[in-house]
Amino acid sequence: MRIDSGDTAWVLASAALVMLMTPALGFFYGGLVRRKNVLSTIMHSFFILCLISVQWVLWGYSLAFGPDKFHIIGGLEWIGLNNVGFTPNADYAPTIPHQAFMLFQMMFAVITPALISGAFAERQRFKAFVLFSLLWATFVYDPIAHWVWGAGGWLHQLGALDFAGGTVVHISSGVSALVAALVLGRRLGFGKQKVEPHDATMTVLGAALLWFGWFGFNAGSALGAGALATNAFVVTNTAAAMAALTWMTVSWWHKKQPSVIGAAAGAVAGLVAITPASGFVNVMGAIVIGFGAGVACYLAIQLRERIKVDDALDVWAVHGIGGTWGALATGLFATVAINSAAANGLFY
Numbered sequence: 155m156r157i158d159s160g161d162t163a164w165v166l167a168s169a170a171l172v173m174l175m176t177p178a179l180g181f182f183y184g185g186l187v188r189r190k191n192v193l194s195t196i197m198h199s200f201f202i203l204c205l206i207s208v209q210w211v212l213w214g215y216s217l218a219f220g221p222d223k224f225h226i227i228g229g230l231e232w233i234g235l236n237n238v239g240f241t242p243n244a245d246y247a248p249t250i251p252h253q254a255f256m257l258f259q260m261m262f263a264v265i266t267p268a269l270i271s272g273a274f275a276e277r278q279r280f281k282a283f284v285l286f287s288l289l290w291a292t293f294v295y296d297p298i299a300h301w302v303w304g305a306g307g308w309l310h311q312l313g314a315l316d317f318a319g320g321t322v323v324h325i326s327s328g329v330s331a332l333v334a335a336l337v338l339g340r341r342l343g344f345g346k347q348k349v350e351p352h353d354a355t356m357t358v359l360g361a362a363l364l365w366f367g368w369f370g371f372n373a374g375s376a377l378g379a380g381a382l383a384t385n386a387f388v389v390t391n392t393a394a395a396m397a398a399l400t401w402m403t404v405s406w407w408h409k410k411q412p413s414v415i416g417a418a419a420g421a422v423a424g425l426v427a428i429t430p431a432s433g434f435v436n437v438m439g440a441i442v443i444g445f446g447a448g449v450a451c452y453l454a455i456q457l458r459e460r461i462k463v464d465d466a467l468d469v470w471a472v473h474g475i476g477g478t479w480g481a482l483a484t485g486l487f488a489t490v491a492i493n494s495a496a497a498n499g500l501f502y
């Protein structure tokens, strides 16, 4: 196996783009909460970047991608990056250094628990947040990553298609956010007083930076600089734009006025939905996926409000529902014309 300098440069750049997404998420969430909770909300995202970066190199990467144990978890052979060097690994990325692949995957592990923090914004103590994040990363994220992406993982062996983390990142964080919101209960005054976003500008800035970083998230998952990365780049932008237009239109029709927060949330929903499909669908599939995400995630928020679940920043509606729609849509619109390693979906 030979290292390709172009592939390596792209994956390292993509890792930097994905790293940017975690502080961007802090801005996105920070604008949505009340002024008194802005700094604590941003601190959650920044602290997660530090905490999970260390957890990943010590034991997280080994559990997620290490030698398979019973098709459920990786072994401990790669703890502390033991045997994770600068030569390529044939199972994961044969044209880049193994540590470059590890670093890229680290940034996925970082942002996933940060996403969940939006569900319990304004009402969880920092000590509890730290403990929850560390345990969740170890006992939830790492095993799921192994199931789907790890060599020998049971879903991987079944042929599950998840190009950049619709299942591993978004469905897992969305469902966990819903459970966390139900367990923690509602904030004081929930349903009696409306909590308005304190700074729409901050939220839109965060959404724009997330959109920018998502090019690394999805196109970087090609693990090389070529046609597949180009397709992922194009469909990512298309789905985000379509979902933003759809969400804003539906919200405009429903609430009788357009909303920049709605456009920002719609773009994020589209980015979530295209994540599992970005390496398998063409641009027309991306338009349908973006449209579906804009409608489904908006309706999920209306349902969440109706049943009075206090998922503070709608992590379940955007990431759980968006990720689920994206995973299902992959099975509808995937085509071997985009990725010969996949299979044709229902409509091909």
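Residues 155 to 502, numbered by this note's numbering, are exactly what the sequence shown covers, in order.
A virtual CB, placed ideally from N, CA and C, is assigned to each residue, including glycine.
- For Ser194 and Thr357, the gap between their C-alpha atoms comes out near 15 Å.
- With a 10 Å radius around the Cβ and a threshold of 16 neighbouring Cβ atoms, Gln209 comes out buried.
- Around the beta carbon of Gln259, 16 or more other beta carbons lie within 10 angstroms, which makes this residue buried.
- With a cutoff of 7 Å on beta-carbon distance, Ala447 and Ala471 are scored as not near each other.
- Contact annotation, Leu425 with Ala386: C-beta distance approximately 12 Å; criterion of less than 8 Å not satisfied.
- Ser199 is a Cβ neighbour of Pro177, given a cutoff of 7 Å.
- Linking Val192 to Ile441 through their CA atoms gives a straight-line distance of about 34 Å.
- Note that the C-beta distance between Asp316 and Val337 is not below 7 Å.
- For secondary structure counted as the alpha helix (DSSP H) over 4 or more consecutive residues, the stretch 379 to 409 holds these complete runs in sequence order: 381 to 409.
- About 5 Å separates the beta carbons of Gly214 and Asp296, which is inside the 8 Å limit, making them a contact pair.
- Under the Cβ criterion (8 Å, minimum of three pairs), the stretch 156 to 165 counts as touching the stretch 358 to 377.
- For Ala218, the enclosing alpha helix (DSSP H) covers residues 215 to 219.
- Secondary structure at Asp245: coil, using DSSP grouped into helix, strand and coil.
- Look at Gly228 here: in three-state DSSP terms it is strand.
- In the structure shown, the three-state DSSP call for Lys281 is helix.
- Take Ile265, set aside five residues on each side of it, and the residues of its chain with a beta-carbon closer than 6 Å to its own are Met175, Thr176, in chain order.
- In this structure, Phe371 places its C-beta atom within 7 Å of the C-beta atom of Ala318.
- The beta carbon of Asn237 is closer than 8 Å to those of Glu231 in its chain, skipping five residues each way along the sequence.
- Boundaries for Trp210: no alpha helix (DSSP H) harbours it, and the DSSP string shows neither H nor E there.
- For Asp222, the beta-bridge partners assigned by DSSP are Gly228.
- Ala466 and Ala334 do not touch by the CB rule: their CB atoms are close to 10 Å apart, not below 8 Å.
- The residue from Thr321, Thr355, Arg277 with its alpha-carbon nearest to that of Gly476 is Thr321.
- CA-to-CA, the gap between Gly185 and Thr241 works out to about 43 Å.
- Boundaries of the alpha helix (DSSP H) harbouring Tyr452: 437 to 460, taken from the DSSP string.
- The three-state secondary structure of Asp296, taken from DSSP, is helix.
- For Lys348, the secondary structure class from DSSP, reduced to helix, strand or coil, is coil.
- The continuous alpha helix (DSSP H) containing Met175 extends over residues 159 to 186.
- Residue state for Arg341 is assigned as coil, using DSSP reduced to three classes.
- Apart from the 5 residues on each side of it in sequence, His408 has no Cβ closer than 7 Å to any other Cβ in its chain.
- Only residues of its own chain outside the window of five on either side were considered, and among them Ala169 have a CB closer than 6 Å to the CB of Leu257, listed in chain order.
- DSSP places Met155 in the coil class of the three-state scheme, outside both helix and strand.
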